[in-house]
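Okay, so here's the structure we're looking at.
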Amino acid sequence: MIWRRLRIPDRTSLADFHHVIQIVFGWDDEHLHRFHIYG
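Following our numbering, the numbering of the sequence shown begins with 268 at its first residue and continues without gaps.
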């Protein structure tokens, strides 16, 4: 299992969050992704 812990501003858009994840994991935008928002 690979995991990262990050801090991002709560006003970060999902599009920006997607870019952050791509950078942090070293991905090249070739992975499927899905975001779930609870709360």
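Backbone N, C-alpha and C define an ideal beta-carbon position, used for all residues, glycine too.
Item: Anyone know if the C-beta pair for Val291 and Arg272 falls short of 7 Å?; Value: no
Item: For a quick check, are the C-beta atoms of Gln289 and Asp296 less than 7 Å apart?; Value: yes
Item: Tell me whether Phe302 sits in a helix, a strand or coil according to DSSP, three-state version.; Value: coil
Item: Rounded to a whole number of angstroms, what is the C-alpha to C-alpha distance between Arg278 and His285?; Value: 14 Å
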